[in-house]
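Since the structure comes first, as structure tokens, the remarks are kept for the end.
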Amino acid sequence: MTPARRQSVNQLLNSLEPSAFERLAKKITRVKLRPKDVVYKPNERIDHVLFPENAVLSLLTVMSNGDTIEAATVGREGASWISAAVGAPSMPCETIVVIEGTALRLPIAALDRELNENGHFRDLVIEYSHALLVASMRTSACNGLHGLQERCAGWMLMTLDRVDSDRFAVTKEFLAQLLGTNRPTVSVLVSVLERAGILNMQGRRVTLADRNRLKEAACECYDIIRTTYEAVGK
1422 MTPARRQSVN
1432 QLLNSLEPSA
1442 FERLAKKITR
1452 VKLRPKDVVY
1462 KPNERIDHVL
1472 FPENAVLSLL
1482 TVMSNGDTIE
1492 AATVGREGAS
1502 WISAAVGAPS
1512 MPCETIVVIE
1522 GTALRLPIAA
1532 LDRELNENGH
1542 FRDLVIEYSH
1552 ALLVASMRTS
1562 ACNGLHGLQE
1572 RCAGWMLMTL
1582 DRVDSDRFAV
1592 TKEFLAQLLG
1602 TNRPTVSVLV
1612 SVLERAGILN
1622 MQGRRVTLAD
1632 RNRLKEAACE
1642 CYDIIRTTYE
1652 AVGK
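Numbering of the sequence shown is given in our numbering, commencing with residue 1422 and proceeding in unit increments.
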């Protein structure tokens, strides 16, 4: 861990007034997150909140037979488990790291104090909590109503929005876990996008070739979720 810089690429923190951010800056530390790190396990007590900078986290619903599907994704627009702000000691889903990178770590005790004493931070957290709820509800509807190809394209767009370049690393097995399908199906989905000249995937590295066409391949949910997050703090 290293002390956090005075400014962060996390958009939620950067929406704070300078005085509100200064209070938090004394209490946050920067941590490195690696793919498949488990941030929170279902129903286990949470002792910290993460504000991703270029890491991407996935909130997975886990069934009794081990099947999984993504309920929401968190990147630089927000925070890992902000419902801790309303006193929820744990969460029902598993949170894992999808894309490696850095995040700012704030202990729950410090979060509680800031929510009580730092009014601008509290207001922003409430606004983001609503946006995360909207995104999660939209993801739930998307999982049930839209095709895998559209969902895969949308997931890749949202991931690209949260990293620092036009590429990221994820295995087909991991992507299948997030989409609630299997590796052979993901291979077909990726092949379709590659043949269309939209992206290239070599091993675990995905490189964007044509963002406009990737957006055309995605469903409406990508734009709705993106604009919902962009409105936070405005």
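Note that CB positions come from ideal geometry on N, CA and C, so glycine has one too.
Predicted model only: the values in this text are computed from it and were never measured.
*D1668 and I1529 look like a contact to me (Cβ under 8 Å); what is the Cβ gap, rounded to whole Å?*
With the chain running from 1422 to 1655 in the structure shown, residue 1668 is simply not present.
*Cβ contact (3+ pairs, closer than 8 Å) linking the stretch 1425-1445 and the stretch 1529-1541*: Flag = yes, the stretch 1425-1445 and the stretch 1529-1541 touch.
_Proximal residues to A1638 (C-beta, below 8 Å), its chain only, five neighbours per side dropped_ = Mapped onto the sequence shown, residue 1638 falls at position 217. So the list reads Q1570, E1571, A1574, L1614, A1617 and I1619, once near-sequence residues are dropped.
*Identify, in the order they occur along the chain, each residue of the same chain with its Cβ nearer than 6 Å to the Cβ of D1585, setting aside the five sequence neighbours on each side.*
To locate residue 1585, count along the sequence shown from 1; it is residue 164. Within the same chain, D1585 has close Cβ partners N1475.
*Validate contact between the stretch 1581-1598 and the stretch 1622-1632 using beta carbons, cut 8 Å, 3 pairs*: yes
_When you compare the CB positions of E1491 and S1501, do they come within less than 8 Å of one another, or not?_
For the purposes of this step, residue 1491 is identified with residue 70 of the sequence shown, where counting begins at 1. For the purposes of this step, residue 1501 is identified with residue 80 of the sequence shown, where counting begins at 1. Going by C-beta atoms, E1491 is not nearer than 8 Å to S1501.
*CB-CB under 6 Å to V1519, same chain, minus the five flanking residues each way: which ones, in chain order?*
In the sequence shown, counting from the first residue as 1, residue 1519 sits at position 98. So the qualifying residues of the chain are V1477 and S1479.
*Have a look at R1634, L1600, R1466 and A1531 and flag the residue whose alpha-carbon is nearest the alpha-carbon of H1567.*
One-based indexing of the sequence shown puts residue 1567 at position 146. Nearest option by C-alpha distance: L1600.
*May I ask which residues mark the beginning and end of the alpha helix (DSSP H) holding S1479?*
Within the sequence shown, the letter at position 58 stands for residue 1479. Run containing S1479: none in the alpha helix (DSSP H); it sits in the beta strand (DSSP E), V1477 to V1483.
*With distances taken from CA atoms, which of N1431, Q1432, N1435 and V1653 is nearest I1547?*
Sequence index remark: in the sequence shown, residue 1547 carries index 126 (1-based). Residue V1653 is the option with its Cα nearest to I1547.
_Cβ shell of K1457 (< 8 Å), same chain only, five flanking positions each side left out_ = The residue you call residue 1457 lines up with position 36 of the sequence shown. If we look at K1457 and ignore the five residues flanking it on each side, its Cβ neighbours are I1517, V1518 and F1595.
*Which stretch, first to last residue, makes up the beta strand (DSSP E) that contains M1622?*
Your numbering for residue 1622 matches position 201 in the sequence shown. Segment L1620 to Q1623, the beta strand (DSSP E) holding M1622.
_Based on DSSP bridge pairs, tell me the residues matched to T1628._
Taking the sequence shown and counting its residues from 1, the one referred to as residue 1628 is at position 207. Answer is R1588 and N1621.
*If you count every other CB in all the chains shown that lies within 10 Å of the CB of V1403, and 16 or more means buried, which is it?*
Residue numbering for the chain in the displayed model covers 1422 to 1655; residue 1403 lies beyond these limits and cannot be assessed.
*asked:* Please return the same chain residues whose Cβ sits closer than 8 Å to the Cβ of L1481, not counting the five positions on each side in sequence.
replied: For the purposes of this step, residue 1481 is taken as the residue at position 60 of the sequence shown. Only T1489, I1490, E1491, A1492, C1514, E1515, T1516, I1517, Q1598 and L1599 meet the Cβ criterion.
_Ignoring anything shorter than 4 residues, give me the alpha helix (DSSP H) runs that lie fully in the stretch 1481-1546, in order along the chain._
1529-1538
*On the three-state DSSP scale, how would you describe P1473?*
Start at 1 with the first residue of the sequence shown, and residue 1473 comes out as number 52. P1473 falls in the strand class under three-state DSSP.
*asked:* Taking the alpha-carbon of V1470 as reference, which of Y1650, T1602 and I1449 has the nearest alpha-carbon?
replied: Within the sequence shown, numbered from 1, the residue matching residue 1470 stands at position 49. When only C-alpha atoms are compared, the closest one is I1449.
*What are the boundary residues of the alpha helix (DSSP H) that V1452 is part of?*
Here residue 1452 is taken as the residue at index 31 of the sequence shown, counted from 1. Where V1452 is concerned, there is no enclosing alpha helix (DSSP H), although the beta strand (DSSP E) around it starts and stops at T1450 to L1454.
*Enumerate in chain order the residues of its own chain whose CB-to-CB distance from R1559 is below 7 Å, with the five nearest sequence positions on each side excluded.*
Here residue 1559 refers to the residue found at position 138 of the sequence shown. Residues C1642, I1645 and I1646 of the same chain have their beta carbon placed closer than 7 Å to that of R1559, with the five preceding and five following residues left out of the count.
_Alpha-carbon spacing of E1438 relative to D1544, whole angstroms_ = The residue labelled residue 1438 in the question sits at position 17 within the sequence shown. The residue labelled residue 1544 in the question sits at position 123 within the sequence shown. The alpha-carbon atoms of E1438 and D1544 are separated by roughly 11 Å.
*asked:* Less than 7 Å between C-beta atoms, sequence neighbours within five positions excluded: which residues of the same chain meet that for V1555?
replied: Along the sequence shown, one-based indexing puts residue 1555 at 134. The residues are T1649.
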